[in-house]
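Colleague: The listed protein sequences correspond, in order, to chains A and B.
Just so you know, the numbering used here puts 182 at position 177 of the first sequence, and the rest follows in order with no gaps.
Just so you know, the numbering used here puts 199 at position 198 of the second sequence, and the rest follows in order with no gaps.
Glycine is no exception: its CB is placed at the ideal position from the N, C-alpha and C atoms.
Model, not experiment: these values are computed from the prediction.
The structure's right below; bear with me while I get my questions together.
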Amino acid sequence: MNEDSARHLAGVPEGGAQPQEDLVGLLHRVARGDERAYEQVYDRMSPPVYGLVRRILRDPAQSEEVAQEVMVEVWRSACRYDEHRGSPQAWTMTLAHRRAVDRVRSDQAGRDREARAAAVGDGSPYDEVEEEATGRLERERVRRCLETLTELQRQAVRLAYYGGYTYREVAKLLSSPLGTVKTRMRDGLIRLRDCLGVEW
Amino acid sequence: MPRLRQDLHTLAGAYALNALPEDELRRFEEHLARCESCVQEVRGMAETAALLGEAASRTPPERMRARVLEEVSRTRQLAPAETRMASPRSWWSRWGGAWALAACLAAVLALGGAVVWQQSRIGELEEKERQIAAVLSAPDAEVAGAEPAEGVAVTAVSSQSRGALVLSVQGLEPLDGQDYQLWLADPDGSVRSAGLLEVASDGEVDPLLAGGIGDAEGIAVTVEPEGGSDQPTSEPMMQMPLEG
Chain A
6 MNEDSARHLA GVPEGGAQPQ EDLVGLLHRV ARGDERAYEQ VYDRMSPPVY
56 GLVRRILRDP AQSEEVAQEV MVEVWRSACR YDEHRGSPQA WTMTLAHRRA
106 VDRVRSDQAG RDREARAAAV GDGSPYDEVE EEATGRLERE RVRRCLETLT
156 ELQRQAVRLA YYGGYTYREV AKLLSSPLGT VKTRMRDGLI RLRDCLGVEW
Chain B
2 MPRLRQDLHT LAGAYALNAL PEDELRRFEE HLARCESCVQ EVRGMAETAA
52 LLGEAASRTP PERMRARVLE EVSRTRQLAP AETRMASPRS WWSRWGGAWA
102 LAACLAAVLA LGGAVVWQQS RIGELEEKER QIAAVLSAPD AEVAGAEPAE
152 GVAVTAVSSQ SRGALVLSVQ GLEPLDGQDY QLWLADPDGS VRSAGLLEVA
202 SDGEVDPLLA GGIGDAEGIA VTVEPEGGSD QPTSEPMMQM PLEG
């Protein structure tokens with residue numbers, strides 16, 4: 006679909022310096038210990054990191070703590086980032102998701118599955134009352150693409166990604182067979198990928 | 002196990018969403034190590050998932066910035082060398098003589114914090130490394146170990162289904178003008194070469210991948226003139242039966 010998003014993801018500049026272009030370069034500088042470059046990476050990536058972690062964990066204090074860990078991890082392991090293997094965003098968000106989910110899964114005892122499932126909400130990426138300006142366009146685009154999924158695809162994707170559930174838990178929550186849930190996650194993501202114009 | 006394979010393939014979505022329980026995560030990653038198309042698919046899905054994440058963007062509390070920058074200023078970064086976790090040299094040397102197949106797999110497939118990341122790494126292993134990973138992760142992989150001399154540890158992982166074995170040796174003295182050669186012993190009593198061990202000056206030995214093991218019943222290592230021989234010319238310094 007739209008070329009902008011593809012470029013955004015591939016980090017390919019066109020007709021001048023795009024912010025995307027230097028996030029890759031910035032991470033390389035960070036890998037060499039450049040703290041100023043890191044500040045820019047922080048400013049760029051901390052809202053998505055904090056937003057995702059908070060979306061999964063809900064609790065503001067815990068989210069802040071985990072987001073902080075993730076951002077320090079970006080500094081620590083910047084040398085592991087390789088632009089041939091994915092965008093800086095994907096790399097960072099993978100770190101963030103993993104950390105947040107580790108926290109959720111290690112905290113099984115204090116976790117009320119049903120309540121959390123309900124709290125995942127209607128499946129929009131951002132469902133709090135105080136809608137923020139940050140990333141509004143991206144959010145709109147993602148929301149539109151999520152709407153192109155079937156109900157089961159959308160639920161499966163959102164419970165896994167925003168809810169931090171394993172696919173087995175998702176199957177229970179949705180009272181669907183495991184095989185169906187696996188398949189819906191895969192074809193749901195494929196449909197989303199195509200709708201969002203991801204080119205990898 | 003065709004059913005398992007197909008099953009595994011459909012896990013790509015759950016994997017990209019970080020929704021696999023621990024045991025299945027490991028199995029899927031073993032599968033990924035041998036499936037380039039899956040790596041590609043997972044990559045696109047991981048980018049897609051990242052967009053879902055970015056869509057949840059939210060301004061963090063202002064105080065977090067100062068805290069992170071402060072912590073960063075006193076946090077040591079990983080050395081670039083550590084990024085090669087998936088290279089055979091590091092996984093073989095990491096585990097030393099104390100061997101278990103599970104252990105080497107864990108090292109190969111260790112999660113360095115980023116699931117997909119590690120994965121794309123494995124997807125880009127050199128051909129030899131890929132074949133090594135395939136042997137190590139084969140369902141019928143057999144591990145055999147020996148300590149032919151003090152301080153020398155030999156480990157062979159063989160897989161009938163892959164028709165190959167991987168030999169790891171540690172503690173060998175580098176030779177001058179001679180080579181260590183690996184031999185396969187066939188049931189009919191004949192012996193054939195399976196290649197030379199490359200010993201670096203620091204004693205580090207690259208894992209040796211030997212294909213076409215067929216029905217070989219055992220392996221042996223001898224010291225041969227530089228470049229190796231057609232048939233062994235000295236007593237084996239080490240020999241070991243292969244399970245099978």
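1) Could you give the distance in angstroms between the alpha-carbon of residue 157 of chain B and the alpha-carbon of residue 167 of chain B?
2) Taking 8 angstroms as the cut-off, decide whether the C-beta atoms of residue 198 of chain B and residue 192 of chain B are in contact.
3) Output the boundary residues of the alpha helix (DSSP H) element that contains residue 38 of chain B.
4) Assign residue 120 of chain B to one of three DSSP states: helix, strand, or coil.
5) Mapping the DSSP letters down to three states, classify residue 193 of chain B as helix, strand or coil.
6) Following the continuous alpha helix (DSSP H) through residue 192 of chain A, name the residue where it begins and the one where it ends.
7) Say whether the region 143 to 156 of chain B touches the region 175 to 185 of chain B, bearing in mind that this needs 3 or more beta-carbon pairs closer than 8 angstroms, one atom from each stretch.
8) Whose C-alpha, out of A:105, A:96, A:69, is nearest the C-alpha of residue 82 of chain A?
9) Between the C-alpha atoms of residue 105 of chain A and residue 55 of chain B, what's the straight-line distance to the nearest angstrom?
10) Can you confirm whether the region 189 to 198 of chain A touches the region 148 to 160 of chain A when touching is taken to mean that 3 or more C-beta pairs between the two stretches lie within less than 8 angstroms?
11) Going by DSSP, name the residue or residues bridged to residue 168 of chain B.
12) Pull up the distance between the alpha-carbon of residue 88 of chain A and that of residue 35 of chain A, whole angstroms please.
13) Which chain B residues sit within Cβ distance under 8 angstroms of residue 33 of chain A?
14) Mapping the DSSP letters down to three states, classify residue 236 of chain B as helix, strand or coil.
15) Alpha carbon to alpha carbon, how far is residue 194 of chain B from residue 51 of chain B? Give it in angstroms, no decimals.
16) Can the beta-carbon of residue 189 of chain B be found less than 8 angstroms from the beta-carbon of residue 161 of chain B?
17) Among B:225, B:69, B:242, whose alpha-carbon lies nearest the alpha-carbon of residue 187 of chain B?
Modeller: With the structure as the only source:
1) Distance from the CA atom of residue 157 of chain B to the CA atom of residue 167 of chain B, rounded to whole angstroms, is 6 angstroms.
2) no
3) 37 to 55
4) Confidence at residue 120 of chain B is low in this model, with a pLDDT of 44, below 50, so its placement is unreliable and the value that follows should be read with caution. The answer is helix: DSSP assigns residue 120 of chain B an H, G or I state.
5) Assigned with DSSP and collapsed to three states, residue 193 of chain B falls in strand.
6) 183 to 201
7) no
8) A:96
9) Each residue's alpha carbon lies about 15 angstroms from the other.
10) yes
11) B:157, B:209
12) When rounded, the distance between both Cα atoms is 14 angstroms.
13) Chain-ordered listing is empty here: chain B has no CB closer than 8 angstroms to the CB of residue 33 of chain A, the nearest sitting near 11 angstroms.
14) Residue 236 of chain B carries a coil assignment under DSSP once its states are collapsed to helix, strand and coil.
15) 50 angstroms
16) Against a cut-off of 8 angstroms, the Cβ pair of residue 161 of chain B and residue 189 of chain B comes out as no contact.
17) B:242
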